[in-house]
Structure formats: C-alpha cells, structure tokens
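2 protein chains.
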Amino acid sequence: MATKECDLLVIGGGPGGYTSAMRAAQKGLKTILVERRDLGGTCLNRGCIPSKCLIQDTLMISAVRNSPFMKGDMKVSLKRIAERKNLVIEGSRSWVERLLAGKNVTLVRGEASFTGKNSAELKTSDRNQEQISFSKAIIATGGVSNYDGFAVDGETLWTTEDALALKAVPRSLAIVGAGSRGVEFASIYHNLGTKIILIEKENRILPRIHPSLANRYRKILTERKITVMTRTHVLSANRNEEKGVTLTLQNERGKEEIKAEKALLTGFRRPCYSGLNLESAGLSLNGETLYYGIGMQTNTEGIYVIGDAAGPPYLAHKAIAQAIAAVDHLLGKPLEGGPVLFPVCVWGDPEIGSLGLTEEEAQESGSPVKVGEFHYVGNGRSGTMGNSQGLVKIVSDAKTGKVLGVHILGPQATELISLATLVMQNGVDVAGIKRTVFPHPTLSETFYEAALATDGEAIHMLLEGFEY
Amino acid sequence: MATKECDLLVIGGGPGGYTSAMRAAQKGLKTILVERRDLGGTCLNRGCIPSKCLIQDTLMISAVRNSPFMKGDMKVSLKRIAERKNLVIEGSRSWVERLLAGKNVTLVRGEASFTGKNSAELKTSDRNQEQISFSKAIIATGGVSNYDGFAVDGETLWTTEDALALKAVPRSLAIVGAGSRGVEFASIYHNLGTKIILIEKENRILPRIHPSLANRYRKILTERKITVMTRTHVLSANRNEEKGVTLTLQNERGKEEIKAEKALLTGFRRPCYSGLNLESAGLSLNGETLYYGIGMQTNTEGIYVIGDAAGPPYLAHKAIAQAIAAVDHLLGKPLEGGPVLFPVCVWGDPEIGSLGLTEEEAQESGSPVKVGEFHYVGNGRSGTMGNSQGLVKIVSDAKTGKVLGVHILGPQATELISLATLVMQNGVDVAGIKRTVFPHPTLSETFYEAALATDGEAIHMLLEGFEY
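In order, the protein sequences belong to chains A and B. Numbers 1 to 468, taken from the numbering used here, label the letters of the first sequence in order. Numbers 1001 to 1468, taken from the numbering used here, label the letters of the second sequence in order.
Here you go:
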C-alpha cells in the first residue's frame, strides 16, 4: 500500500473543511482533503444553499401573487424551481472543486480512518486503500440529524432533505420544530400555497432568538393563517388511511390528534464521527462531542476539530471561523484575545439576524442597560420596497456605550446583522454608530436610528401615540 | 402683525430641514419649521423615494419576465405603479408631519424671508404675514435643477420629475447625463421595455464613481443593448415631425443627429435661496453657495446652512448629517474631530456603493497601498439569488491596514457600503474586518472576502485561470 505524506490532513469537505484546507495551502502547507460524499457538505448540498434558492423563488411567487401592479395568469413550474436549485448546487460544488485545485489542495474522494496520532487510512471511492502520514489533522466531519426515533420515510414523513427536493406541494404540512429551519420551510411552503402547522415543544418559536422578536414573529405567522403550537410534543406520527399523516400531540390541553398530508421533522443535529476510529488517535469525547481547547485543538496535540463536528452552534459561519482559527493555531500564529461572536440568522419571511445579549441577559450582569429600538415603518427604503414590518433593537451598556446585543427582524435582517458583528467584534460603541453616515434611502439607516434611539434621539420614530 | 419668538427657525422641510428641527426640539429648543411646498423636499417628493419605488417595481417586472420558473401572461399596470409610488410619497409625507407634531416642532406652511440677523418675515400659504424673531436659524432650502438652457416641456423634453410621473412608456428615451440619476432612470425605463440611449459629456459614465467600476457598469449596460455615448455634448434638442425629439450631438466623430421619442435631461443641481433676502441677514456667498465654516455656520453668527443649500455633494444623507452637526454646534456641543465620510450610491441595476479613495488616489499620497478584490461570483448568497455580477474592492494602507476606500458594484451594494462607512469612520482596520464573523450565506461575506484578499487569503476566489 502506498503511503502519502502531508503537512495537514483535513477530513470532511464542508465549508469548515474546505476553508481550512485552502487556508493551510495558502500558507504553504502540503494539504490533503478527504471527502466521502459531496464537496460543500450539508450547507452547500442539503442546507443553507438549496433552502435559500427555494426561499428566493417562493418569495418571488408570493410577491407576484400579491403584486398591486401585475395581474394575470402565471404558471409556476416546481420542476424548474428544483432545477434552478440543483444548478446552483452543482455550480457551487464544481466551484469549490476548482478552488481546491487552484490553491493546490489534493482532494481525495473517500473515507478516512485514524490509525494513529499521525496516520490514517483512506478508503477511496474507487476501492483503493492508501496510508496517509500527517503532521497535523483537522476533523471537519460535520453533523447528522436525529429524528427522535421517528421513522422518516421520504413519503409522508419528511426530513428537510425531502422538503428541499420539492417533489410536490402538499395541501397541508405539519412542521415539527420551529427553530430557524422550521420557520424557513414554513415560509417556503406557505408561499407555495400549503397550509402550515408549526409545532414546537419549547414555550415559544425560535427558542434561540430574542423572545420579543420571536413573539412578534409568531404574530406575523399567525396573521398569515399559519397555525403555531408551542409547548407541544409530538408523541407519534403515523400514516393514515387518507394517505396522509396523523400526529398525536401532547400539550397543556392534553392529547390531541391532527392530520396533515405530510409532516416535516426538522430534527436535532449532533456531531458525526462515523468511521473515524477516534481511539487510534487517542481522541476523547466530552459527552457526545470531541473535547477541544484553545485554537480548536483536541486532546491529541496536532489534531483539531471544527464546525458541526465540534458541536453547537451548528452554523456554517462558525465552521468557517473555526477553520481559520485552527489553521492559524497549528501554524503557531498567536491567537487574538476575546470571544468570537457568531450571529444567528433566520432566512424566513421575514428575516431575523441576532447577536449577543438580550436586555434581560444584559441586566443580569448588574450594569445599567440602555435599549435603542427603531421600527422599519419609519424607514424610507423599506417603504419603497412595500415591506415595512420589523424592528432593530440595540442593547448597550448605559455607562460605556458598549454594544452588548443587536436583534433585527425585518427586510434584509440577515445582511444588516453584519453591521452589528463588525461593531461588537471591534469595540465600536453607540457613539461610533451615531458618528457614521448611512446612505439614504437604505435599510441600514434603521441601525443608525436604533443607535440614536438609545439616547432618545431617533428622528423617524414617534415615542407616543403610535403602536409599533 | 403678530411676532412669534423661537429659539430656532428652520427654513425648508426636506430631510436636512426636518431632521434639524426635530433634533433641536428633542434637545429642548422652541423650534419653528417653515416649508413653502411639500414636507420631505426633493428627496421624498421628487427624488430618492419615488425613484426607489419605480426601481423596485420595474426590477420585479424584469425578474418576472426573465424568470426561469414562471411563465404566463402578466399585464403590467403603469397606473398602479404610479399609484403605489404616490401612496408611498403621501404616507411618508404625512409621517414626517406627524413626527414634527410629536416632537413639538411648530410647522408653518409658507415662505420665509430674512429681515435681519435675528428676524424673518413669513408669508404663510393662507396669505397672512408673520414676524419671527429667532435666536438661531438654519437654512435648509435645498437646490434647484438647471437644464443648461434647454426648454424642458414635460412633453418630449423631460425632467426627472416628468420621468417619475410615469405617464407613458416611450419606445425610445435619450437620457442626457449618465451620473447616478441618469443610470437609475436608464434602469427603470429599460426594464419597462424602452430603448435607451445614455449620453454623457465626461469621458465615462458615473464620473463620481471609481473608474474601474464605472467601466464595468458601462459594459453591463451595453450587454443589455443600452446605447452608451461618452465625451458627447448635446448641442440642441428639438421636437421633430414624428412627434419625437431630435438631439444634435457633438463628439470626437463630429456632429451627429439622433432621434428618440422622448429625451430626459437629468440636469445640474445648485443651491436655492430664492426669496430668502440673504442680504438682510448679512449673509455672504462663496461663488453660488453660502459661505460656511465649522459646524455649518455661515458668516453670520447663529445662522447655519445645510444640505443641498450648502452645495455639493447633493446627497440626502449629507443633509441629515449636516443637520445634526449644525444643531449640535448651535447647542454648544463640542464637535468631534475628523472628516465625516459620505458614501455615494447608485440605485440602478446593478447597484453601486462607493466611499473614499480609489487605489490611484491612495497611491498619490505616497504610502504603499494594498487592494483586496472579491467577486460576487464566489459568493453563495448571490448564487441563490441568481445574480452574481459584481465585485467588492477594499483599498488600504499597506503598512497600517487602515481602510482608505471601498467600492462595491453588485446586488445590495447600496446596503453593503454601510459596512465600509462604519469601518472607515471608526478606524476599524483590515484585520478588524477579518476578525469579524459574517453570517453564511449572506452578501456581506463579499466584504469579508475582500478583506482576506488584501493579503492573498480570499477563500472563494481563484487567483489564476478565471476571468472575473
């Protein structure tokens, strides 16, 4: 058996894996990337990218249907929506492959298994075996979804992958789990005309998002005739005689049954290490996740874990940031101090972008807190877009003006939240936001006005006599 | 005649005027705002806001026409597009009126004329006269457009106001002036199906924008079969026998005549002081603009000039920033050091956002300069939007990492440029951008990748073998 040598072996070709491989190659390391399935991982193939394609297209369908100035008979082709999505996926995948080649990363298609702290065996997809000896390794094997024992079948009981396949538009869809993915799929299928029932076991939808935004979101969904049930557990899900699915629910009112044509289980994610043979490399778990310390290094020196394989939060941008941190660490680059802030986004309709503390969390620290809130209804650009629903909330330290949290619900919230990450990561305070000129008319002015509102200075907002 | 007293008299109710009035009232000043026409000024009634409405709606028409997944017969109602635009204008105007009342600004509808350094006469729209004695005054009277002697008639020879009225879709439209407004109207009418000829006397379109972006923009317009002529002067424009207009042009090839159904003159703006009686207040002009110094104060102590009335650049966000600076100055608040940065935007299709120096301008200072360039084609979110045309360019000081300029062409460029203003106004350097986590997948990642590209570290970009 041939033995290949490399400076860095990266296992897994999702956003975290391929970013770390390219970063290392850019810095001069001889790098091998192993991927057993599709380049781009969950994000590109079965997550962020396809779902954004569907959101984009279904939002357009909804906009056309509700247009005040276009009328007529438009035929929507589901097949073409799916085709466009598949083209975007394939294009992105081949782009990543081209990037890897262009940056001198060796791509091996197959499965890696540790045989020691500096060695692994590769079973390539053409059934060859190779031995790899590496100086460093990065585990970027992603995560898998867990469905609490429900027998997802792709027929009546869907996973998000089935929902992305867009084979049909069901008349009704029960979505189990109202986190960001549940809410995104609610938006996609609602805009396609499906009756949606959104079921969440926590006491509110979007449990990781600021409660006041989550509550406002629920209200918006309810106004659109989407049924939202919280504090509700799904006990069973069975195919019924009408070729649909019957869900048995348990909530405060007791048990009840509901029927839908399809049910979508958004599932729970956990790290995936299958086939890695962690013991050979002396790797220890901390619960169900590999132990890691500074620079994402595991308990075995020179072996790192990043992205979904490193546990929650399960965010592609977290994987990318950890990829760069791990490579910098293994190159001996001194780490910068301070925590790294990961924004949380919801790409539904409307969007949410959220970062840092809520006012309640900030108050717990004992310092006085200020909240600056501005509503899109006072923003000129959103008026011209015909979509003025939402708000920007900035939580700051009352004494120092330090920004502690930013929470945005409304048009382009997933883009606007980057203003917050820039500010918070670099210590720009409320005065710094107020000092900045935001172009008019743009949605970004909502961020400026929220900063003004911190000190009662917002221009395009009424403090009294208007219900926001 | 009654005499009213106030702490601050603001003349002109555009974005600069009403912002300064509200700011002053918030700070406890007894404030009177005088407006002779419509609240919101040019921006709200005849500029930014209506043009964004039309861009929004016509982009949607174009998107539907080119949709890969919707087919059918859609009737577009011009009348309804105009109605929606008018509703947005009226809604915004009444919102400003409500804001003024809610913040205790006294609104007087009429015309103001200085009678001294602390007094003015108001001719109200109900033909009453009032005397006002004020402690401070802000001149926010905006600007007027100048058409170089061409006899705009609203029939064949349009102003931007005529173009916004959307009375008809001409088969062909010659647009004279390819600055941001010219390009925006080219986009609006092109998307409505009009054949566009864009004529610019300078040696390139968008003369205030980075030359490489402007050249790329020209290429995009040309690919859409929009005719672009630069270094071309319009000598005359006359109604012809076909009820259209014949323009006589002069350029390097000599004189030539072209015909179009309508011609749009974008005009040149200059400050407007009509009826103000500047001499009574002892105010001096510097050329055609009122002299002003620190805090926007004119040569007469206590009288300020802001916005378009203070000369170029003619930007609503400049007016708003100057409004706040003037009020803070007249309240005796110490001014913060350093220049204020005004981004320049083009809301055409595609968009542009630009701020600070080009690489050539930066090199002139003598310091070594780095350029980080990233193309949307490598951005996941733009792929899902089906629009990956464009780039982000960051110009920085090679030694210090200080960001000197940012130039963006592509989807949401007018929003993304706020990342640049935040960074540049607050001294966040290239390392600070790289330290920030931008959510995936978003367009804002293009800004992050351009920062990485500054040091040859971009991930989603090929350095060789790809023509961007």
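Quick reminder that beta carbons are idealized off the backbone N, C-alpha and C, glycines included.
Closest residue to residue i among the options (Cα-Cα distance)
i	options	result
B:G1338	B:D1349, B:N1426 and B:K1123	B:N1426
A:E301	A:G282, A:K262 and A:K243	A:G282
B:F1069	A:I61, A:N66, A:G72 and A:R80	A:R80
A:I226	A:T436, A:T248, A:Y189 and A:S133	A:Y189
A:H210	A:P312, A:L409 and A:Y448	A:L409
A:S354	A:A323, A:S418, A:D38 and A:I303	A:S418
A:E492	A:L78, A:E97, A:T160 and A:I11	Beyond the ends of chain A as shown, which are 1 and 468, falls residue 492 of chain A; an answer cannot be given.
A:A450	A:L198, A:E464, A:E467 and A:G405	A:G405
B:A1496	B:T1019, B:K1004 and B:C1006	The requested residue 1496 of chain B is not part of the displayed model; chain B covers only 1001 to 1468.
A:E288	A:E161, A:Y147, A:A163 and A:P271	A:P271
A:V234	A:G254, A:R218 and A:A168	A:G254
A:L264	A:N387, A:S367, A:Y448 and A:L166	A:L166
B:Y1217	B:G1390, B:G1456, B:L1463 and B:N1066	B:G1390
A:L422	A:V403, A:G244 and A:G332	A:V403
B:G1456	A:G17, A:T3, A:K27 and A:I175	A:K27
A:E364	A:G386, A:S388, A:V395 and A:E336	A:V395
B:A1063	B:N1238, B:L1192, B:T1446 and B:V1369	B:L1192
B:S1094	A:G380, A:R37 and A:V305	A:G380
B:L1029	B:G1182, B:Q1056 and B:C1006	B:C1006
B:K1399	B:K1243, B:M1385 and B:S1367	B:S1367
A:T119	A:E279, A:T159 and A:Y448	Thr is not the amino acid found at residue 119 of chain A; the sequence shown has Ser there. Checked all of A:E279, A:T159 and A:Y448; the closest Cα to A:S119 is A:E279.
B:L1099	A:E467, A:L463 and A:E83	A:L463
Residues bridged to residue i (per DSSP)
i	result
B:K1136	B:L1008
A:E35	A:R109
B:I1303	B:A1137
B:M1229	B:I1199
A:A260	A:V245
A:L265	A:V176
A:L159	Note on identity: in this sequence residue 159 of chain A is Thr, with Leu being the wrong assignment. BP columns for A:T159 are empty, so no partner.
A:Q250	A:H233 and A:K255
B:I1352	B:V1346 and B:L1409
Same chain only: Cβ atoms within 7 angstroms of residue i, ignoring 5 sequence neighbours per side
i	result
A:C43	G14, P15, I49 and A316
B:V1105	A1021, M1022, A1025, T1031 and L1033
B:T1124	V1108, R1109, G1110 and E1130
A:E256	L249
A:A431	G401
A:K85	P50, C53 and L54
A:V76	I61
CB-CB length for residue i against residue j, believed under 8 angstroms
i	j	result
A:A413	A:P343	Contact doesn't hold; Cβ gap of about 10 angstroms is too wide.
A:V437	B:V1340	6 angstroms
B:L1290	B:A1321	Their Cβ separation, rounded to whole angstroms, is 18 angstroms, which puts B:L1290 and B:A1321 out of contact at 8 angstroms.
A:V88	A:T156	Incorrect: roughly 28 angstroms between the Cβ atoms, too far for contact.
A:V428	B:V1428	7 angstroms
A:D73	B:G1072	5 angstroms
A:L59	A:V96	With a Cβ gap of about 26 angstroms, A:L59 and A:V96 do not count as contacting.
B:G1465	A:G102	6 angstroms
Cutoff 6 angstroms; reference residue i; Cβ partners in own chain excluding five residues on either side
i	result
A:G378	H460 and M461
A:N277	S113 and F114
B:E1200	A1178 and T1230
B:E1184	S1051, W1347 and G1348
A:P170	T194, E261 and K262
A:K136	L8, G302 and L330
B:G1041	G1014 and G1142
A:N238	T246
B:V1176	I1199, V1234 and L1265
A:R269	G143, S145 and Y314
A:P441	G380 and R381
Cβ shell of residue i (< 8 angstroms), same chain only, five flanking positions each side left out
i	result
B:L1452	G1372, F1374, K1434, A1458 and I1459
B:G1295	Y1304, A1325, A1326, D1328, H1329, L1330 and L1335
B:V1369	E1359, A1362, Q1363, V1395, S1396, D1397, A1398 and L1404
Residue i beta carbon near the ligand NAD (any heavy atom closer than 6 angstroms)
i	result
A:L122	Absent from the structure shown: the ligand NAD. Ligands present: none.
Run through the region 439 to 466 of chain A for me and flag every whole alpha helix (DSSP H) of 4 or more residues, listed as ranges in chain order. 445 to 454
Every unbroken alpha helix (DSSP H) within the region 179 to 223 of chain A, with a cutoff of 4 residues, ordered by chain: 180 to 191 and 211 to 223
Within the region 360 to 444 of chain A, note down every full beta strand (DSSP E) run reaching 3 residues or more, in order along the chain. 369 to 375, 391 to 397 and 403 to 409
Runs of 4 residues minimum, wholly inside the region 42 to 130 of chain A: which ones carry the alpha helix (DSSP H) assignment? 48 to 65 and 78 to 102
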